[in-house]
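Please read the structure below before turning to the comments.
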Amino acid sequence: MGFDANSDGYTNRVYAGDLGGMMWAFEDDDSDLTDSNTGGDGTWRGRKLFNASADGVQRKIFYSPDAVIESDGDMIFFGTGDRANPSGTGVVNRIYAIKNTWADSDTFETLTEDDLMDVTDETYEESSSSDEENWQTTLANSSSWYFRLENTGEKVISSVVVYAGILYFTTYTPDTDEDGNTAEDPCAATGSTGVSRLYAVDYETGQAAYDYSTDTDSDGNTITTRTKADRSTVIGSSIASSPTIAVLSSGTVLYIGVEGGIASETPDEDLSMHRFYWRQVIN
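Structure, rendered in structure tokens:
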């Protein structure tokens, strides 16, 4: 079970996923602002926030989500995949973005995919202005978005991270034969060990953040508009690590461990961000 916690001074919040595909939300709310015991009064309340297996297909959540505090609540990001069976191909896994507004617990009902916008096939930049307005309206009226991982057996089996408005995560896709059967043991030291991908998408929409795809049109020209093919890029073989953000004096770098070495990406950053450094001196 993974978790992510944050505090706004008067509320402690924890999010945890389980192997049944349930995302839980817990809150220790100190509503009395005159109470000196800020950060929670020790009385926790919890809820089943989201059920990724509500359609009867078990999607497991092995790793911690990431959480972003928004003006109208929290945004929770996580993926599904069976780490105990990385070569499995029987489940179409997902990446989820869930909006939690901490609605009244007496009336709240656990969210499912029916409450989210399926953006798997959204092309965004290729849409007409009316289509774009329609999907923006649909998204605004949803409890956020999700998309399916479309490679056979593809799964999220590491933690996700949000940085500068972009959601980064890695996936593993086992090697399969033409009939979709697993070809090799993905833990083998040599031979065919599957494919690792890095995804980078806008955390608010699921739109591709970079032009990763090298697809061409009928004339052989590289397609420059961003489509769902631009959401990910192959970074190596075997199971990749979680993305790690390193803020260095030379700039920010995202690192991922893959078989045989380390892959890296230079994240886009909002120019309004300010870096702060400190040095601890011990006499």
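If you read the sequence shown in the numbering used here, its first letter stands for residue 1412, the second for the next number, and so on.
Glycine included, every Cβ here is placed at the ideal spot set by N, Cα and C.
Would you mind listing the alpha helix (DSSP H) stretches within the segment 1507-1532 that are 4+ residues and don't spill past its ends, in chain order?
none
Please give the ranges of any beta strand (DSSP E) in the segment 1606-1692, keeping only runs that are unbroken, at least 3 residues long and fully inside the region.
1606-1613, 1643-1647, 1655-1659, 1662-1669, 1672-1676
Enumerate in chain order the residues of its own chain whose CB-to-CB distance from F1437 is below 6 Å, with the five nearest sequence positions on each side excluded.
Here residue 1437 corresponds to residue number 26 of the sequence shown, with the count starting at 1. Its chain contains V1425, W1455, G1457 as the residues whose beta carbon lies nearer than 6 Å to that of F1437, once the 5 sequence neighbours on both sides are disregarded; these appear in chain order.
Leaving out five residues before and five after D1483 in sequence, what residues of the same chain have Cβ atoms less than 8 Å from its Cβ?
For this step, residue 1483 is matched to residue 72 along the sequence shown. Correct list, in chain order: K1510, T1512.
Give the single residue among G1662, S1660, G1671 whose Cα lies nearest to the Cα of S1648.
Here the question's residue 1648 lines up with position 237 in the sequence shown. Comparing Cα-Cα distances from S1648 to each of G1662, S1660, G1671, the minimum goes to G1671.
Once you ignore the five residues that flank S1643 on each side, which residues in its own chain have a CB closer than 7 Å to its CB?
Translated into the one-based positions of the sequence shown, residue 1643 becomes position 232. Excluding residues within five positions, the ones whose Cβ falls inside 7 Å are R1608, L1609, Y1610, Y1623.
Exposure label - A1651; buried when at least 16 CB within 10 Å:
Position 240 of the sequence shown, counted from the start, is the residue given in the question as residue 1651. Buried, by the Cβ-count rule.
Reduced DSSP category for V1425 - H, G, I as helix; E, B as strand; rest coil:
To locate residue 1425, count along the sequence shown from 1; it is residue 14. In the three-state reduction of the DSSP assignment, V1425 falls in the strand class.
Member of N1423, E1520, Y1579, A1619 whose CA lies at the smallest distance from the CA of P1654
Stepping through the sequence shown from its first residue, residue 1654 is reached at position 243. Per the Cα distances, Y1579.
Leaving out five residues before and five after E1676 in sequence, what residues of the same chain have Cβ atoms less than 6 Å from its Cβ?
Walking along the sequence shown from the start, residue 1676 turns up at place 265. Excluding sequence neighbours, E1676 sits near L1665.
Could you please give me the residues that DSSP links to T1584 through a beta bridge?
Position 173 of the sequence shown, counting from 1, holds the residue named residue 1584. Answer is V1606.
So, W1546 versus G1617, is the Cβ gap smaller than 8 Å?
The residue labelled residue 1546 in the question sits at position 135 within the sequence shown. The residue labelled residue 1617 in the question sits at position 206 within the sequence shown. No; because the gap between Cβ atoms is not below 8 Å, this pair is not in contact.
Is it right to say V1468 is buried, meaning 16 or more other beta carbons lie within 10 angstroms of its own, or is it exposed?
Along the sequence shown, one-based indexing puts residue 1468 at 57. When all chains shown are included, V1468 counts as exposed.
On the DSSP letters alone, give me the boundaries of the beta strand (DSSP E) that K1459 sits inside.
By 1-based counting over the sequence shown, the position of residue 1459 is 48. Taken as a continuous stretch (DSSP letters only), the beta strand (DSSP E) holding K1459 covers 1455-1462.
Please classify E1565: does DSSP put it in a helix, a strand, or coil?
The sequence position of residue 1565 within the sequence shown is 154, counting from 1. In the structure shown, E1565 sits in coil (DSSP, three-state: anything other than H, G, I, E or B).
Buried or exposed for G1428, please, with buried defined as at least 16 other CB atoms from any protein chain shown within 10 angstroms of its CB.
Here residue 1428 is taken as the residue at index 17 of the sequence shown, counted from 1. That one is buried.
On the three-state DSSP scale, how would you describe A1495?
Sequence index remark: in the sequence shown, residue 1495 carries index 84 (1-based). Coil, per DSSP.
CB V1571 to CB F1519, shorter than 8 Å?
If you number the sequence shown from 1, residue 1571 lands on position 160. If you number the sequence shown from 1, residue 1519 lands on position 108. No, they are not a contact pair.
Reduced DSSP secondary structure (H/G/I, E/B, other) of A1551
If you number the sequence shown from 1, residue 1551 lands on position 140. Helix at A1551.
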